[in-house]
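Using the working numbering, read the sequence shown as starting at 334 and increasing by one per residue.
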Amino acid sequence: MFGLEQVVLVADGWFIIMPPELVTGIWVGFNDQHIRFRSSYWGQGAHNTPFVAGEFLQSASENRALRLGVNTTLPSPLPND
């Protein structure tokens with residue numbers, strides 16, 4: 334398909350969703366490069382991450398305490414040690 338002659342092993346999936354209230358980036362993958370998805374189908378961000386993104390955005394939009402809006406400031410994520 335892309336002129337590649339060997340099997341491409343997929344280790345990460347990315348998905349960005351941008352409703353007006355909250356831009357969200359979802360990463361599904363592994364820190365260990367020896368762990369991979371079983372197939373390139375599940376390694377594509379369009380197949381594995383929308384479930385996570387949808388669940389997150391639904392929970393965030395239902396949580397009235399967050400008061401999501403254009404001027405909402407969220408804390409920075411903690412470092413991944």
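C-beta: ideal position from N, C-alpha, C; glycine also.
CB contact flag (residue i, residue j, <7 angstroms)
i      : j      : result
His367 : Tyr374 : no
Ala386 : Phe348 : yes
Separation of residue j from residue i, as counted between CA atoms
i      : j      : result
Pro383 : Asn413 : 22 angstroms
Leu407 : Asp365 : 29 angstroms
His402 : Ser372 : Here the sequence assigns Gly to residue 402, which means His is not the residue at that position. Taking the straight line from one Cα to the other gives about 38 angstroms.
Ile359 : Ala398 : 22 angstroms
Arg369 : Pro410 : 25 angstroms
Met351 : Glu395 : 17 angstroms
Arg400 : Gln391 : 13 angstroms
Phe363 : Asn404 : 33 angstroms
Pro353 : Glu388 : 17 angstroms
Assumed close pair residue i, residue j - CB separation to whole angstroms, cut-off 8 angstroms
i      : j      : result
Gly346 : Val361 : 4 angstroms
Per DSSP, the bridge partner or partners of residue i
i      : result
Ile455 : Lying before the first or after the last residue shown, residue 455 is absent from the chain, which here runs from 334 to 414.
Gly346 : Val361
Note down, one range per segment and in chain order, each alpha helix (DSSP H) of at least 4 residues found wholly within the region 373-397.
You should have 373-376, 378-381, 383-395.
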